[in-house]
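Below: the structure, in structure tokens.
2 protein chains.
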Amino acid sequence: MSNPCIICVAITGSVPRKEDNPAVPVTIAEQVESTQAAYEAGASIAHCHVRNDDQTPTSDPDKFAALKEGIEKHCPGMIVQLSTGGRSGAGQARGGMLPLRPDMASLSVGSNNFPTRVYENPPELVDWLASEMLKYDVKPEIEAFDLSHIFQAVKMSADGRLKKPLYIQFVMGVMNAMPVDKEVFDFYVHTLKRLAPDAQWCGAGVGAGQILVNEWSIAAGGHTRT
Amino acid sequence: MSNPCIICVAITGSVPRKEDNPAVPVTIAEQVESTQAAYEAGASIAHCHVRNDDQTPTSDPDKFAALKEGIEKHCPGMIVQLSTGGRSGAGQARGGMLPLRPDMASLSVGSNNFPTRVYENPPELVDWLASEMLKYDVKPEIEAFDLSHIFQAVKMSADGRLKKPLYIQFVMGVMNAMPVDKEVFDFYVHTLKRLAPDAQWCGAGVGAGQILVNEWSIAAGGHTRT
Ligand SMILES: [Zn+2]
Ligand SMILES: [Zn+2]
Ligand SMILES: [Zn+2]
Ligand SMILES: [Zn+2]
Numbered sequence: 001m002s003n004p005c006i007i008c009v010a011i012t013g014s015v016p017r018k019e020d021n022p023a024v025p026v027t028i029a030e031q032v033e034s035t036q037a038a039y040e041a042g043a044s045i046a047h048c049h050v051r052n053d054d055q056t057p058t059s060d061p062d063k064f065a066a067l068k069e070g071i072e073k074h075c076p077g078m079i080v081q082l083s084t085g086g087r088s089g090a091g092q093a094r095g096g097m098l099p100l101r102p103d104m105a106s107l108s109v110g111s112n113n114f115p116t117r118v119y120e121n122p123p124e125l126v127d128w129l130a131s132e133m134l135k136y137d138v139k140p141e142i143e144a145f146d147l148s149h150i151f152q153a154v155k156m157s158a159d160g161r162l163k164k165p166l167y168i169q170f171v172m173g174v175m176n177a178m179p180v181d182k183e184v185f186d187f188y189v190h191t192l193k194r195l196a197p198d199a200q201w202c203g204a205g206v207g208a209g210q211i212l213v214n215e216w217s218i219a220a221g222g223h224t225r226t
Numbered sequence: 227m228s229n230p231c232i233i234c235v236a237i238t239g240s241v242p243r244k245e246d247n248p249a250v251p252v253t254i255a256e257q258v259e260s261t262q263a264a265y266e267a268g269a270s271i272a273h274c275h276v277r278n279d280d281q282t283p284t285s286d287p288d289k290f291a292a293l294k295e296g297i298e299k300h301c302p303g304m305i306v307q308l309s310t311g312g313r314s315g316a317g318q319a320r321g322g323m324l325p326l327r328p329d330m331a332s333l334s335v336g337s338n339n340f341p342t343r344v345y346e347n348p349p350e351l352v353d354w355l356a357s358e359m360l361k362y363d364v365k366p367e368i369e370a371f372d373l374s375h376i377f378q379a380v381k382m383s384a385d386g387r388l389k390k391p392l393y394i395q396f397v398m399g400v401m402n403a404m405p406v407d408k409e410v411f412d413f414y415v416h417t418l419k420r421l422a423p424d425a426q427w428c429g430a431g432v433g434a435g436q437i438l439v440n441e442w443s444i445a446a447g448g449h450t451r452t
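Chains A and H, in that order, are what the protein sequence lines are. Counting with this note's numbering, you get residues 1 to 226 for the letters of the first sequence. Counting with this note's numbering, you get residues 227 to 452 for the letters of the second sequence.
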């Protein structure tokens with residue numbers, strides 16, 4: 001088996017609530033239990049968001065610490081990836097959990113539109129988050145919502161702002177950002193190979209396109225995200 | 227001559243000042259004179275920004291009205307395109323000149339990073355600017371700073387939010403957005419042909435890549451921007 005496929009499980013995003021789907025794990029206990037089930041089914045990375053008691057998303061480092069501890073205890077060897085995404089906080093609060101030294105953290109390196117607003121990742125904040133990840137030895141997963149984000153990640157990696165080799169996630173299917181499109185997917189894979197031959201990548205289809213993007217990713221030798 | 231090449235002249239951007247280059251036309255009189263020279267040399271579209279007396283960019287409708295009047299008088303038949311770009315104003319002020327009913331106006335349909343900040347084009351503002359352009363019969367030039375912006379423009383056109391056929395400008399070379407890259411350029415052209423076969427397009431290289439992107443655009447049957 002020359003290139004095993006990594007399954008990254010996003011147990012709890014930042015948006016869906018119990019009202020939307022009663023199966024969404026929201027409390028730390030529910031999240032640990034759900035992660036353990038995924039771990040036993042073969043997932044190797046846990047992509048983590050945390051919630052307040054009213055289910056709203058937060059970047060609270062204490063919540064992240066409790067979740068990280070629970071996953072490490074119940075899922076030995078599983079890679080813990082904490083989200084620094086902008087739905088859960090603003091500015092440097094988005095990186096407040098990095099001193100916990102998780103194995104990985106998500107990192108957006110560009111800006112784009114979301115369904116109702118701008119997903120803001122100003123250059124200065126991106127550089128600060130990247131420097132914190134270097135400081136605490138946290139491996140970034142780059143969230144590429146558009147083609148230029150791949151170029152930006154490669155540039156930051158060449159500049160020494162990101163530890164090599166790159167790990168990039170292609171995100172498709174978010175309204176007002178990049179839709180699920182096979183030619184674009186193929187061009188993403190081709191472009192990353194051209195610019196950073198040693199990079200690893202995974203594909204994430206948000207919503208209806210999830211299984212399709214999983215299939216494309218496995219067929220193209222990439223990793224997958226639930 | 228089956229498909230003539232349109233030259234769009236950007237006489238004054240929003241950034242450079244007399245200190246940077248004494249030849250930059252800043253006053254309305256200078257801008258009209260400079261546009262006339264370009265018009266006599268063969269340019270057919272004037273892409274216009276206006277400035278305050280201290281050279282800072284503005285969206286002031288009165289300044290735009292004076293410039294439009296001067297160009298129409300001295301360059302009969304030239305297409306006047308006014309910028310609704312975000313460097314010259316914020317929110318709906320960016321579209322305050324649309325009631326002047328210029329032939330064209332620029333329109334960004336997504337967000338991305340600029341050298342030091344986020345270029346913010348929230349979905350609601352994009353839709354408002356597009357609806358004003360429909361209301362005043364202004365033809366938009368879509369400024370595509372990234373690949374998803376092409377998809378968004380095609381979607382807006384299919385929804386009836388933009389008048390067909392599309393006119394798109396591929397912008398390359400802005401730091402922290404899409405760099406000047408030939409494979410991406412070719413993929414832009416290919417993707418637009420696939421999604422909107424009747425669209426017209428032009429390529430703009432900002433800074434050092436300008437002539438290169440002009441050459442690529444002419445060779446690929448597109449239009450050009452100075
Ligand atoms: Zn996430
Ligand atoms: Zn992943
Ligand atoms: Zn402009
Ligand atoms: Zn143009």
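Note that CB positions come from ideal geometry on N, CA and C, so glycine has one too.
- For P348 of chain H, the closest of H:Y362, H:Q318, H:P366, H:N229 by C-alpha to C-alpha distance is H:Q318.
- Note: Y345 of chain H is bridge-paired with H:N338 in the DSSP secondary-structure output.
- Under DSSP, Q169 of chain A takes part in a beta bridge, and its partners are A:E143, A:C202.
- The beta carbon of W442 of chain H lies closer than 7 Å to those of K408, F411, G429 in the same chain, with the five residues before and after it left out.
- Close CB contacts of G433 of chain H within its chain, under the 7 Å cut and outside five residues either way in sequence, are with G399 (chain order).
- Taking a cut-off of 8 Å on C-beta distances, the segment 380–388 of chain H touches the segment 341–358 of chain H, as three or more cross pairs fall below it.
- Comparing alpha-carbon positions, the option among A:R51, A:A41, A:V9 lying closest to I28 of chain A turns out to be A:R51.
- As the crow flies, the alpha-carbon of L134 of chain A is around 29 Å from that of A38 of chain A.
- A Cβ-Cβ separation of about 4 Å places S260 of chain H in contact with P251 of chain H under the 8 Å criterion.
- Counting only Cβ-Cβ distances below 9 Å, V439 of chain H has no contacts in chain A at all, with the closest Cβ about 15 Å away.
- Put simply, of A:I211, A:G42, A:D60 the residue whose alpha carbon is nearest the alpha carbon of V180 of chain A is A:I211.
- Separation of K155 of chain A and P302 of chain H (C-alpha to C-alpha, rounded to the nearest whole angstrom) is 46 Å.
- A straight-line Cα-Cα distance of about 5 Å links F396 of chain H and A370 of chain H.
- No Cβ-Cβ contact shorter than 8 Å links R313 of chain H with S383 of chain H.
- In the structure shown, the three-state DSSP call for M104 of chain A is strand.
- In the displayed model, T253 of chain H falls within coil according to three-state DSSP, outside both helix and strand.
- Within the chosen limit of 7 Å, ligand 3 does not reach the beta carbon of H375 of chain H with any heavy atom.
- For F187 of chain A, the chain H residues whose Cβ falls inside 7 Å of its Cβ are F413, in order along the chain.
- For F377 of chain H, the nearest CB of chain A lies under 8 Å from its own CB, placing it at the interface with that chain.
- Where T417 of chain H is concerned, there is no enclosing beta strand (DSSP E), although the alpha helix (DSSP H) around it starts and stops at 408–421.
- Its chain contains E141, Q200 as the residues whose beta carbon lies nearer than 6 Å to that of Y167 of chain A, once the 5 sequence neighbours on both sides are disregarded; these appear in chain order.
- Listed along chain A is no residue with a C-beta nearer than 9 Å to that of T310 of chain H; the closest approach is about 16 Å.
- A403 of chain H reaches chain A at S148, counting residues in chain order whose Cβ is nearer than 7 Å.
- Placement of the Cβ of H49 of chain A at a distance of less than 7 Å from at least one heavy atom of ligand 1 is found.
- Among the CB atoms of chain A, none fall inside 8 Å of the CB of R320 of chain H.
- Against T342 of chain H, the close residues of chain A are P122, P123, E124, in the order they occur along the chain (beta-carbon pairs closer than 9 Å).
- The C-beta of G386 of chain H comes no closer than 8 Å to any C-beta of chain A.
- Checking the 7 Å criterion, the Cβ of G85 of chain A is within range of a heavy atom belonging to ligand 1.
- In the DSSP assignment, T284 of chain H is bridged to H:V276.
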